[in-house]
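A.B. asks: Let me give you the structure first, and then I'll get to my questions.
2 protein chains.
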Amino acid sequence: MTATASPDADWLRLDRQICFSLHAASRAFNGVYRVILKDLGLTYPQYLVLLVLWEQGDLPVKKLGEQLRLDSGTLSPLVKRLEGAGLVRRERSAEDERSVRVHLTEEGAALRERALEVPRRIMSATGFDLAEIGELRARLDQLTTALDAAAQSEARSAR
Amino acid sequence: MTATASPDADWLRLDRQICFSLHAASRAFNGVYRVILKDLGLTYPQYLVLLVLWEQGDLPVKKLGEQLRLDSGTLSPLVKRLEGAGLVRRERSAEDERSVRVHLTEEGAALRERALEVPRRIMSATGFDLAEIGELRARLDQLTTALDAAAQSEARSAR
DNA sequence: CACAATTAAGTTGTGCACAATTAAGTGGCT
DNA sequence: AGCCACTTAATTGTGCACAACTTAATTGTG
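Those protein sequence lines, which keep their order, are chains A and B. Quick note: the first sequence uses my numbering, first residue 1, plus one each step. Quick note: the second sequence uses my numbering, first residue 1, plus one each step.
Pasting the structure below:
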């Protein structure tokens, strides 16, 4: 009974390979970042938060979440860990007491210098050139957009 | 100081877009699976384990881990949850007492019928056709291979 | 045979992702 | 003013990923 007995069985096989490939690639990326970021004492999601802050300056948690597609359930503890490491400060906004603004500390800003070499090392780890990466990125963004829309409509139709 | 003042700053921007796209796509896929698999009472990694078992029959945890690139730290509790749901049984191998074989229960085997429609729904959620998916899958597998090799050599050079 | 090295699972601890809920602040509207 | 809807964070609980370690069984070698 392990052989593919019907067209549906082939679909199950194929399916495994589509989503599984993405899943595996994502974890492989994570593994490389884990090794490279260890020197900086960062995890990959923490590094993403710092990338946004380095690029755009201080932001409220809400804005961080929009850019990274993460909610407060993920960001709150993550930012607190960054604060514990002395890389950021959290400050309630004076204008809107609901909002918490995340500021880079001097130490957090300084870490950017040491992070500058990370992209090159990642790039070389992929073995891809700029054009290939750009192509893949475009494909993945297209996929994400389609999947997000589908999840919405699936969730809607499940109500 | 938010503007890109050097070539290195551009690298940081670019970098965010490569790995971040993959990260986002992986989570988007997970979101769609979450919605679709809710009816079956499965998470996406649990579904992956069942896919392997449906296709290849009973396997030791070790073999499952090789195919899914997961270690016992992830698989042990996951398989126990599947056992708790009545979908699999775990049995110590008689020949090698170290090995635990994961068997589908009748209920677990029967769930396959209801899972047959999942791939089509996922496929349609991506908005991609078979050729595009195959192309993307090939690219991702290539990426995973390169990244795994790089993580090895990075880890080696860090010693 | 004895003992070291290896192997398979499981356990522990940390961190991320996300659903669901809570708490507190804001703004509109009558 | 009083009330209601909405917004922003934080919290709680579940599950996955992975490193580090433990336990028990097996294999290899002298």
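Glycine included, every Cβ here is placed at the ideal spot set by N, Cα and C.
Using a threshold of 8 angstroms, state whether the C-beta atoms of A/Arg92 and A/Glu83 are closer than that.
C.D. replies: No; because the gap between Cβ atoms is not below 8 angstroms, this pair is not in contact.
A.B. asks: Listing by chain order, which chain B residues have their CB less than 8 angstroms from the CB of A/Gln17?
C.D. replies: Residues of chain B passing the Cβ test: Arg137.
A.B. asks: Please state the DSSP three-state secondary structure of B/Arg98.
C.D. replies: Here B/Arg98 sits in coil by DSSP.
A.B. asks: What span of residues does the alpha helix (DSSP H) with A/Glu66 cover, start to end?
C.D. replies: Per DSSP, A/Glu66 belongs to the alpha helix (DSSP H) from 61-68.
A.B. asks: Using a C-beta to C-beta distance shorter than 7 angstroms, which residues of chain B count as neighbours of A/Pro119?
C.D. replies: Chain B residues near A/Pro119: Trp11, Leu12, Leu14, Asp15.
A.B. asks: When burial is assigned at 16 or more other CB atoms within 10 Å of the CB, is B/Ser21 buried or exposed?
C.D. replies: Buried, because 16 or more other Cβ atoms sit within 10 Å of the Cβ of B/Ser21.
A.B. asks: Is there a Cβ of chain B sitting closer than 8 angstroms to that of A/Glu107, yes or no?
C.D. replies: Judged by the 8 angstroms Cβ criterion, A/Glu107 is not in contact with chain B.
A.B. asks: Rank B/Ser153, B/Pro77, B/Glu113 by C-alpha distance to the C-alpha of B/Leu55 and give the top, closest one.
C.D. replies: Per the sequence presented here, residue 55 of chain B reads as Glu, with Leu not at that position. Residue B/Glu113 is the option with its Cα nearest to B/Glu55.
A.B. asks: Run down chain A in chain order and give the residues with a C-beta less than 8 angstroms from the C-beta of B/Arg69.
C.D. replies: Within 8 angstroms Cβ-Cβ: Ala24, Arg27.
A.B. asks: Name the chain B residues whose beta carbon is nearer than 8 angstroms to that of A/Val32?
C.D. replies: The contacting residues are Leu147, Ala150, Ala151, Glu154.
A.B. asks: For A/Ser93, would you say it is in contact with chain B, using Cβ-to-Cβ distances shorter than 8 angstroms as the test?
C.D. replies: Not one chain B Cβ lies under 8 angstroms of A/Ser93.
A.B. asks: Does DSSP put B/Leu140 in a helix, a strand or coil?
C.D. replies: Residue state, collapsed to three classes: helix.
A.B. asks: Please name the residue, chosen from A/Ala109, A/Glu97, A/Ala24, that lies closest to A/Gly57 on a Cα-to-Cα basis.
C.D. replies: For the residues A/Ala109, A/Glu97, A/Ala24, the minimum Cα distance to A/Gly57 belongs to A/Ala109.
A.B. asks: Please confirm if A/Ser21 has its CB atom under 8 angstroms from at least one CB of chain B.
C.D. replies: Cβ-Cβ to chain B under 8 angstroms: yes for A/Ser21.
A.B. asks: Less than 6 angstroms between C-beta atoms, sequence neighbours within five positions excluded: which residues of the same chain meet that for A/Ile122?
C.D. replies: If we look at A/Ile122 and ignore the five residues flanking it on each side, it has no Cβ neighbours.
A.B. asks: Identify, in the order they occur along the chain, each residue of the same chain with its Cβ nearer than 8 angstroms to the Cβ of A/Thr2, setting aside the five sequence neighbours on each side.
C.D. replies: Residue confidence is low: A/Thr2 scores 46 on pLDDT, short of 50, so the model does not pin down where it sits. Its coordinate-derived value is still stated next. There are no such residues.
A.B. asks: Which term fits A/Arg159, buried or exposed, when burial requires 16 or more other beta carbons within 10 angstroms of its beta carbon?
C.D. replies: Here A/Arg159 scores only 48 on pLDDT, less than 50, and its place in the model is too uncertain to base an answer on.
A.B. asks: Checking contacts by CB at 8 angstroms: is B/Leu140 closer than that to chain A?
C.D. replies: Output row for B/Leu140: interface = yes.
A.B. asks: A/Gly177 versus chain B: which residues are under 7 angstroms apart at the beta carbon?
C.D. replies: A question about residue 177 of chain A goes unanswered here, because the residues of chain A that appear run from 1 up to 159.
A.B. asks: For B/Arg16, which residues of its own chain have a beta-carbon under 6 angstroms away from its beta-carbon, when the five flanking residues on both sides are left out?
C.D. replies: Excluding sequence neighbours, B/Arg16 sits near nothing in its chain.
A.B. asks: My output table needs one value for B/Glu154: the three-state DSSP class, helix, strand or coil.
C.D. replies: The answer is helix: DSSP assigns B/Glu154 an H, G or I state.
A.B. asks: Do the region 132-145 of chain A and the region 36-44 of chain B touch if we need at least three Cβ pairs shorter than 8 angstroms?
C.D. replies: As far as the Cβ criterion goes, the region 132-145 of chain A does not touch the region 36-44 of chain B, which means the pair count is below three.
A.B. asks: Does A/Leu116 get closer than 8 angstroms to chain B when you measure Cβ to Cβ?
C.D. replies: Taking Cβ atoms only, chain B reaches closer than 8 angstroms to A/Leu116, which makes this a yes.
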